[in-house]
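Here the structure comes first, spelled out in structure tokens, and everything after it is commentary.
Number of protein chains: 2
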Amino acid sequence: MSQPLDIAVVGATGSVGETLVQILEELEFPVATLHLLASMESAGSSVMFAGKKVRVREVDSFDFAQVKLAFFAAGAAVSRSFAQKAREAGCSVIDLSGGLDDALALVPEANGEVVDSLALPALLASPSSAAVALAVALAPLKGLLDIERVQVMACLAVSSQGREAVNELARQTAELLNARPLEPRFFDRQVAFNLLAQVGATDEQGHAALERRLVSELRVLLGLPELKISVSCVQVPVFFGDSFSVAVQSRQSVDLQSVNQALDAAASVERVENDDYPTPVGDAVGQDVVYVGRVRHGVDEDQQLNLWLTTDNVRKGAALNAVQLAQLLIKKMA
Amino acid sequence: MSQPLDIAVVGATGSVGETLVQILEELEFPVATLHLLASMESAGSSVMFAGKKVRVREVDSFDFAQVKLAFFAAGAAVSRSFAQKAREAGCSVIDLSGGLDDALALVPEANGEVVDSLALPALLASPSSAAVALAVALAPLKGLLDIERVQVMACLAVSSQGREAVNELARQTAELLNARPLEPRFFDRQVAFNLLAQVGATDEQGHAALERRLVSELRVLLGLPELKISVSCVQVPVFFGDSFSVAVQSRQSVDLQSVNQALDAAASVERVENDDYPTPVGDAVGQDVVYVGRVRHGVDEDQQLNLWLTTDNVRKGAALNAVQLAQLLIKKMA
Ligand SMILES: NC(=O)c1ccc[n+]([C@@H]2O[C@H](COP(=O)([O-])OP(=O)(O)OC[C@H]3O[C@@H](n4cnc5c(N)ncnc54)[C@H](OP(=O)(O)O)[C@@H]3O)[C@@H](O)[C@H]2O)c1
Ligand SMILES: NC(=O)c1ccc[n+]([C@@H]2O[C@H](COP(=O)([O-])OP(=O)(O)OC[C@H]3O[C@@H](n4cnc5c(N)ncnc54)[C@H](OP(=O)(O)O)[C@@H]3O)[C@@H](O)[C@H]2O)c1
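Chains P and B are the protein sequences, given in the same order.
Residues in the first sequence are numbered consecutively from 1, following this note's numbering.
Residues in the second sequence are numbered consecutively from 1, following this note's numbering.
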């Protein structure tokens, strides 16, 4: 058992932060004092941890010298304002916002070994949920396939945009079912019973920041810096659970039996046989694994591998991965 | 103006059949007598056409010698039982069910010219909605790109499975919002706020019949019998409007400007610039075109063209395409 650690969670009142606190408790992470931080808005409220109420405080006035480890789950701007200060005060940082360019993207099941070469205090990034899901499912196949290209359609749950987006889908759905006029707020249009072809603004080339981020994270996580990856992110009217339709183009014929064996042997992967398929609501939500189903060749093309993935974006894709990174870090701290 | 024709619509009480009757009226199709047919269940009910109530009758007792043209929109089994008889009675058949292997798949915007070589009475297939949407959007690009492979993720609205599926999504959603226990009926699990990775049963290779059908239809419609096409069909909690994330792999660098010009010039295509994007609910539903948006290269890959399509599956994808086929046929009959 490691020495208990003083820890801060920035964004503790958000979807990810709240789940993160829960997981620290579930996994009996060795916490000495837990500091819960958020904006002015929810400072003063409290959150349960290990049977006690912990008061939420404002991040602005927090002294990071009090902690050895801080999770940042409060958006890119907050990470950019405070993460550097925290490290200068001797605190290792696990960032979930994607806002820190120099943070090392890490998914234990894919590139966990890079933790060995880290100096403390460390700066780690828990990548986008989509990158976590794809890395967990594809890393076990890397040695097996001569991958030419990976093609991904990511169907993102509204919770990938935080609490407000979750409330908005519920509100819009209720308005429509009650035949009341729809007034979009968080999203700029109807998301209920609809698909939004784009998540966030696009750049001049037509790519969303999240799409570019996913490509570069996945290259790092898989250790394949030249890999061709094509991604389309779509916003779907699902509350929790991201899903992915994936086509892996290989230079050689794909042996499905070895693929299935590799997936069955992989950590954090749950494979579903082809007489069934996993769904976000029915399978992924609340679980610690990436579900993989519909494992098959392309139609008339045995150099292609098709997969369907689904995972809990807030839990496995974010909070749990961050806590797994912390578990790797505390081993180094011991 | 062509000579008015005696016409039958089989499945007139379904989503597609009802829309078909509407479109015949909207487009002032030259109808002499319109015979509306369905099963025993709705025989006796009536449907409005051109200001008059038309009584629905049972298909089993209908004599197809009374008509020169019949639309079949009542499922594959009904087409298999009656289409051959209809033709033997001298009636041209436009089948929407996908159940007739010897029917020629036709989308006027893609392979309309094949109608010239048809003998009467003809047997035409209006292909799956997905094939119609993809053919309309890809046919104008065929001459422009040296296409190596087309990769499609099809997000199908529940209406693609008929009226009952539409009712089921509404019912499930209401139950969930009212915190009542969910009892799936038409679908075998929760479809509201969920994604189903599969539409219909899969074969031994893991492909759904609809996925195979889409591949073979698209090869015929584009006149590219060897084209590599990979398709995943997913059931999304959207009432009307199918959407498609498409990646076209070309052997040469793709010139986006000529792609945009070709799409702008194409019949039945409405292109949306990259500062916006089309959605099923906001754009496609009730319209006669295939919306195309998010026209872009792959990330770091200018030999790839990415597109997002959305179209009204019942209208443009089925009923309207069938009526367009009828318009080609009446020219031959004249
Ligand atoms: N949701 C996901 O699937 C997911 C996955 C991976 C990564 N992430 C990342 O995780 C972070 C949180 O996402 P979320 O989904 O949990 O969002 P959320 O539900 O909207 O929660 C946002 C959290 O950030 C806090 N916050 C916002 N502005 C702040 C400020 N100026 N100063 C201090 N705290 C502030 C909020 O505190 P108040 O209560 O005071 O407003 C709240 O605790 C984001 O960076 C997101 O990109 C999310
Ligand atoms: N929905 C789409 O997006 C779409 C797109 C392309 C093609 N299609 C095809 O179009 C056809 C109709 O689809 P839909 O969506 O309109 O389905 P639907 O809403 O379920 O309607 C089915 C229609 O078929 C009739 N029918 C069913 N069984 C029959 C029988 N044994 N004898 C006579 N009539 C029978 C029904 O009549 P009753 O009222 O008497 O039951 C009803 O009129 C299907 O073959 C489907 O594959 C659908």
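We put the CB at the ideal spot given by N, CA and C, even for glycine.
Report the neighbours of residue i on chain P: residues whose CB is nearer than 7 Å to its CB, in chain order.
i: His-297 of chain B; result: Gln-205
i: Ile-229 of chain B; result: Val-299
i: Asp-234 of chain B; result: Sequence inspection shows Val at residue 234 of chain B; the Asp mentioned does not correspond to that position. Within chain P, the residues near Val-234 of chain B are Ser-245.
Give the residues of chain B in contact with residue i, contact being defined as C-beta atoms less than 7 Å apart.
i: Glu-211 of chain P; result: Val-299
i: Cys-155 of chain P; result: Leu-195
i: Pro-181 of chain P; result: Simply none; closest approach about 14 Å.
i: Thr-173 of chain P; result: Thr-173 and Leu-177
i: Ala-247 of chain P; result: Gln-151 and Ser-230
Just confirm the distance between the C-beta atoms of residue i and residue j, as a whole number of angstroms; I'd bet it's less than 8 Å.
i: Val-259 of chain B; j: Leu-141 of chain B; result: 6 Å
i: Ala-89 of chain P; j: Ala-125 of chain P; result: Contact doesn't hold; Cβ gap of about 19 Å is too wide.
i: Arg-315 of chain P; j: Thr-19 of chain P; result: 6 Å
i: Arg-294 of chain P; j: Gln-198 of chain B; result: 7 Å
i: Arg-163 of chain B; j: Ser-15 of chain B; result: 5 Å
i: Ser-268 of chain B; j: Glu-28 of chain B; result: In fact, because the Cβ distance is near 19 Å, the residues do not count as touching under 8 Å.
i: Glu-211 of chain P; j: Val-299 of chain B; result: 7 Å
i: Arg-384 of chain P; j: Thr-279 of chain B; result: There is simply no residue 384 of chain P to check, as chain P begins at 1 and stops at 334 in what is shown.
i: Ser-92 of chain P; j: Leu-120 of chain P; result: 6 Å
i: Val-166 of chain P; j: Phe-239 of chain P; result: 6 Å
i: Leu-145 of chain B; j: Val-254 of chain B; result: 6 Å
i: Leu-214 of chain B; j: Ser-128 of chain B; result: 6 Å
i: Lys-68 of chain P; j: Leu-169 of chain P; result: That belief does not hold up - the Cβ atoms of Lys-68 of chain P and Leu-169 of chain P are roughly 38 Å apart, past 8 Å.
i: Asn-274 of chain B; j: Arg-296 of chain B; result: 7 Å
Which residues in chain P sit within 8 Å of residue i, going by Cβ to Cβ distance?
i: Asn-313 of chain B; result: None at all; the shortest Cβ gap to chain P is about 13 Å.
i: Asn-321 of chain B; result: None at all; the shortest Cβ gap to chain P is about 22 Å.
i: Phe-239 of chain B; result: Phe-193
i: Gln-304 of chain B; result: Ser-230
Which bits of chain P does residue i rub up against, with CB to CB less than 9 Å?
i: Arg-189 of chain B; result: Thr-279, Val-281 and Gly-282
i: Pro-30 of chain B; result: Neighbours of Pro-30 of chain B on chain P: none; closest Cβ ~37 Å, over 9 Å.
i: Gly-293 of chain B; result: Ala-197 and Gln-198
Output, in chain order, the set of chain B residues within a Cβ distance shorter than 8 Å of residue i.
i: Leu-196 of chain P; result: Tyr-277 and Thr-279
i: Val-215 of chain P; result: Val-299 and Asp-300
How would you list, in chain order, the residues of chain B whose beta-carbon sits under 9 Å from the beta-carbon of residue i?
i: Thr-202 of chain P; result: Asn-274, Asp-275, Tyr-277, Arg-294 and Arg-296
Q: Give, in chain order, every unbroken run of the beta strand (DSSP E) that is at least 3 residues long and sits entirely within the segment 258-312 of chain B.
A: List check, beta strand (DSSP E) in window: 269-271, 290-298 and 301-311.
Self-check item: Contact the segment 99-119 of chain B vs the segment 210-226 of chain B: 3+ CB pairs below 8 Å
Solution: Counting C-beta pairs closer than 8 Å gives three or more between the segment 99-119 of chain B and the segment 210-226 of chain B, which meets the contact rule.
task: Any chance you could list the alpha helix (DSSP H) runs of at least 4 consecutive residues sitting entirely within the segment 172-240 of chain B, in chain order?
output: Entirely contained in the segment 172-240 of chain B, the alpha helix (DSSP H) runs reaching 4 residues are, in chain order, 209-222.
Note to self: Quick check for students: name the residue ranges of the beta strand (DSSP E) that lie wholly in the segment 29-88 of chain B, counting only runs of 3 or more.
What the structure shows: Qualifying beta strand (DSSP E) stretches, in chain order: 31-38, 46-49, 52-58 and 69-72.
- Item | Contact between the segment 174-185 of chain P and the segment 187-204 of chain B (3+ Cβ pairs under 8 Å) | Too few Cβ pairs lie closer than 8 Å, so no.
| message | Three or more C-beta pairs under 8 Å: does that hold for the segment 223-238 of chain P against the segment 155-165 of chain P? | response | Contact between the segment 223-238 of chain P and the segment 155-165 of chain P is established, with three or more Cβ pairs separated by less than 8 Å.
Whole alpha helix (DSSP H) elements within the segment 79-134 of chain B, 4-residue minimum
Those alpha helix (DSSP H) runs which fall completely within the segment 79-134 of chain B and span 4+ residues are 108-111.
May I ask you to verify whether the segment 310-330 of chain P touches the segment 274-291 of chain P, counting CB pairs closer than 8 Å and requiring at least 3? Yes, the segment 310-330 of chain P touches the segment 274-291 of chain P.
Checklist entry - Can we say the segment 143-153 of chain B touches the segment 239-256 of chain B, given the rule of at least three CB pairs closer than 8 Å? => result Taking a contact to require three or more Cβ pairs closer than 8 Å, the segment 143-153 of chain B and the segment 239-256 of chain B qualify as touching.
| Just checking, does the segment 51-69 of chain P make contact with the segment 28-43 of chain P on the three C-beta pairs under 8 Å criterion? | Taking a contact to require three or more Cβ pairs closer than 8 Å, the segment 51-69 of chain P and the segment 28-43 of chain P qualify as touching.
| query | Three or more C-beta pairs closer than 8 Å, one from the segment 46-56 of chain B and one from the segment 70-83 of chain B: is that the case here? | reply | Not touching, per the Cβ criterion.
Evaluate the contact criterion for the segment 326-334 of chain P versus the segment 316-329 of chain B: three or more CB pairs, one atom per stretch, below 8 Å. Too few Cβ pairs lie closer than 8 Å, so no.
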